[in-house]
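Chemist: Counting from 1, position 120 in the sequence shown corresponds to residue 120 in full-length UniProt numbering; the numbering is continuous, with no gaps. Quick one: the structure is below, questions incoming.
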Amino acid sequence: MLRRWLATLGILAVVGVLLELVVLGLVVWQLGAAWTIGLLIVKYAVGYVLVRRTGRRGWRQFRAAVDSGRPPGREGTDAAVSFGAAMLVLLAGFVGAVAGLVLLIPPVRRASARLAERVVERQLTAVAASGMFGPRRVNVQRDPVPEPTASASASEPPPDDGKPQAALEGEILPPR
Numbered sequence: 001m002l003r004r005w006l007a008t009l010g011i012l013a014v015v016g017v018l019l020e021l022v023v024l025g026l027v028v029w030q031l032g033a034a035w036t037i038g039l040l041i042v043k044y045a046v047g048y049v050l051v052r053r054t055g056r057r058g059w060r061q062f063r064a065a066v067d068s069g070r071p072p073g074r075e076g077t078d079a080a081v082s083f084g085a086a087m088l089v090l091l092a093g094f095v096g097a098v099a100g101l102v103l104l105i106p107p108v109r110r111a112s113a114r115l116a117e118r119v120v121e122r123q124l125t126a127v128a129a130s131g132m133f134g135p136r137r138v139n140v141q142r143d144p145v146p147e148p149t150a151s152a153s154a155s156e157p158p159p160d161d162g163k164p165q166a167a168l169e170g171e172i173l174p175p176r
């Protein structure tokens with residue numbers, strides 16, 4: 001599994017670098033080298049400002065969650081997605097910068113953070129996920145409980161006759 005994941009990541013990195021080089025070449029061809037260098041300088045400056053802003057905001061949100069006793073997972077995930085998007089604007093070429101700016105749009109960032117949470121939750125135990133992201137919501141459906149017979153009193157437990165008792169079925173839902 002890990003080997004396949006790393007191979008896919010490597011292929012995506014090579015394709016991304018080639019795509020960035022092609023787009024850079026097209027921009028130089030259309031605008032000229034001087035305008036391209038100017039655009040890259042502006043992109044780096046905007047990326048630098050975004051990295052500082054998202055880093056500080058994310059750290060404040062994370063500390064506020066920890067200080068108030070709430071699980072810091074949501075704030076940490078949101079901060080990580082925001083910081084990663086800002087780093088794309090700062091370090092990547094034009095295609096990566098556009099992808100980073102799209103990730104900074106609040107609905108896209110929240111959806112990406114939820115996806116990242118689900119990926120992280122799958123790697124953690126239920127206790128660790130609850131400690132990081134808060135208590136899990138559980139969707140439960142009860143089987144109908146058989147009616148007690150007239151001979152059984154309320155204080156006596158039902159006899160163990162080998163038959164299965166009422167069961168709970170459900171699934172763990174992500175927190176809201």
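All residues carry an ideal CB built from backbone N, CA and C; glycine is no exception. What you are looking at is a predicted structure, and each value in this text was computed from that prediction instead of being measured.
Relative to the C-alpha of residue 69, which residue among 3, 132 and 26 is closest?
Modeler: 132
Chemist: Using 8 angstroms as the Cβ pair cut-off and three pairs as the minimum, do the segment 70 to 86 and the segment 20 to 40 touch?
Modeler: no
Chemist: How many Å lie between residue 81 and residue 105 at the Cα?
Modeler: 11 angstroms
Chemist: Just the C-alpha distance for residue 79 and residue 58, rounded to the nearest angstrom, thanks.
Modeler: Taking the straight line joining both Cα atoms gives about 4 angstroms.
Chemist: With three or more beta-carbon pairs closer than 8 angstroms as the criterion, would you say the segment 31 to 42 touches the segment 104 to 121?
Modeler: no
Chemist: According to DSSP, simplified to helix, strand and coil, what is residue 106?
Modeler: It is helical.
Chemist: Would you grab the beta carbon distance between residue 87 and residue 28 for me? Rounded to a whole angstrom, and I think it's under 8 angstroms.
Modeler: Residue 87 to residue 28, Cβ: 24 angstroms. No contact.
Chemist: How about residue 121 and residue 113: are their beta carbons less than 7 angstroms apart?
Modeler: no
Chemist: Please check the pair residue 55 and residue 90, which I expect to be a contact at CB under 8 angstroms, by giving their CB distance rounded to whole angstroms.
Modeler: 11 angstroms between Cβ atoms; not a contact.
Chemist: Identify, in the order they occur along the chain, each residue of the same chain with its Cβ nearer than 8 angstroms to the Cβ of residue 61, setting aside the five sequence neighbours on each side.
Modeler: 75, 78 and 79
Chemist: Measure the CB-CB distance between residue 96 and residue 85 and report whether it falls below 7 angstroms.
Modeler: no
Chemist: What runs of the alpha helix (DSSP H), each 4 residues or longer, lie entirely inside the segment 72 to 107?
Modeler: 73 to 91 and 94 to 103
Chemist: On a CA-only basis, which of 7, 14 and 39 is nearest residue 94? Give me that one, please.
Modeler: 39
Chemist: When you compare each of 102, 117, 92 and 119 to residue 24 by their alpha carbons, which one comes out closest?
Modeler: 92
Chemist: For residue 115, count neighbouring C-beta atoms within 10 Å of its own C-beta (all shown protein chains included) and say buried if the count is 16 or more, exposed if not.
Modeler: exposed
Chemist: Let me know the alpha helix (DSSP H) ranges lying completely inside the segment 25 to 64, each 4 residues or longer, listed in chain order.
Modeler: none
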